[in-house]
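Here the sequence shown is numbered in the working numbering, starting from 33 and rising by one per residue. Where a beta carbon is used, it is the ideal one built from N, C-alpha and C, also for glycine.
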Amino acid sequence: MIGASVGNRLRRSDHANGPSIVTKRNWDMDKHAVALAPSILAADFARLGEQVAAAEQGGADRIHVDIMDGHFVPNISMGAPIVQSLRRVTRLPLELHLMISDPDFFLEQLSEAGSDAFLVHWEGNNHVHRTVHRAKALGKRVGVAINPATPAIVLEEILPDVDQVLVMTVNPGFGHQPFLHTTLPKIRRVRQMINEIRPGCDLEVDGGIDATTAPLVVRAGANVLVAGSAIFCEGDGVVAAMQRLRVAAHQAMT
Ligand code: DX5
Ligand code: ZN
């Protein structure tokens, strides 16, 4: 039951040296050289199940769920009940992008609701290492996210411990924002760090990704693309929009 272990959520335990339990869900990263992670923030919430089914039909590799608390970012989005509902309608991995002030407090609840991965921000968290290892101890994949003004170098020490890095290509909090081209050199730097320190770690980008910007980020080294409006707000539907993104991303690799 969600929230059943509230009493344990804030206990000061140290999971840093504990084993990392591998998530059972299939993160089939070989299916597509560049993975697509539709962000449901841009979906029609009244038809969420249908929209996720369409994304699945379009070949989505994972579903990106933006959790916002109105403190870490100036916007409120969704929480555990939505995750729980999503869990019932898709077999795709659910990755939760936590744009919240106190991620540790919600890890267990969101985990029980059905999350497969947590993306936690470096900003505003004095104990990113602890948060990362708490999420791993719950058996989840973990990524660290960095905002546009945060330099790549902050990832250096935590990189060996994570499965993903999320480079924000807009300031977090809202969909439909224009891609920040100034993030491209940072994506290249993160790719270099991953190749040197943690080969196999996903380099994911989030914000303003469409058929025009996808080739830019793929050329810079991204291998997972989050897209909201470019998938759910196109006139010709989700499947066609995803196909367009995939073609654009793959052209960049040839
Ligand atoms: C923004 C969110 C993104 C957002 C992307 O804070 O993290 O995942 O949904 O939306 P688009 O693709 O419309 O920029
Ligand atoms: Zn996001």
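For residue 277, the three-state secondary structure derived from DSSP is helix. Under the three-state reduction of DSSP output, residue 81 falls in the helix class. Relative to the ligand ZN, the beta carbon of residue 258 is positioned inside 7 Å of a heavy atom. Each residue's CA atom was taken as its position, placing residue 84 and residue 95 some 8 Å apart.
Per DSSP, the unbroken alpha helix (DSSP H) holding residue 136 starts and ends at 135-145. About 17 Å separates the CB atoms of residue 157 and residue 180; that is not less than 8 Å, and the two are not in contact. If you draw a straight line from the Cα of residue 97 to the Cα of residue 128, it is about 5 Å long.
Under the 10 Å beta carbon count, residue 268 is surrounded by fewer than 16 other beta carbons and is classified as exposed.
At a cut-off of 7 Å, the beta-carbon of residue 87 does not count as near the ligand DX5: no heavy atom of the ligand is closer than that. In the three-state scheme derived from DSSP, where H, G and I count as helix and E and B as strand, residue 92 is classed as coil. If you draw a 10 Å sphere on the C-beta of residue 76, you find fewer than 16 other C-beta atoms in it, and that means exposed.
When rounded, the separation of the alpha-carbon atoms in residue 283 and residue 257 is 14 Å.
Placement of the Cβ of residue 71 at a distance of less than 7 Å from at least one heavy atom of the ligand DX5 is found. Separation of residue 209 and residue 176 (C-alpha to C-alpha, rounded to the nearest whole angstrom) is 21 Å. Taking the Cα of residue 166 as reference, the smallest distance to any Cα among 151, 155, 178 is reached at 151. Counting along the chain, residue 150 sits inside the beta strand (DSSP E) bounded by residues 149-153. Residue list for the ligand ZN: 98, 129, 238 (CB closer than 5 Å to any heavy atom, chain order).
Using a cutoff of 7 Å, the CB of residue 111 does not count as near the ligand DX5, since none of the ligand's heavy atoms is closer than that.
Residue pairing by DSSP places residue 99 opposite 130 in a beta bridge. Relative to the non-hydrogen atoms of the ligand DX5, the Cβ of residue 133 never comes closer than 7 Å to any of them.
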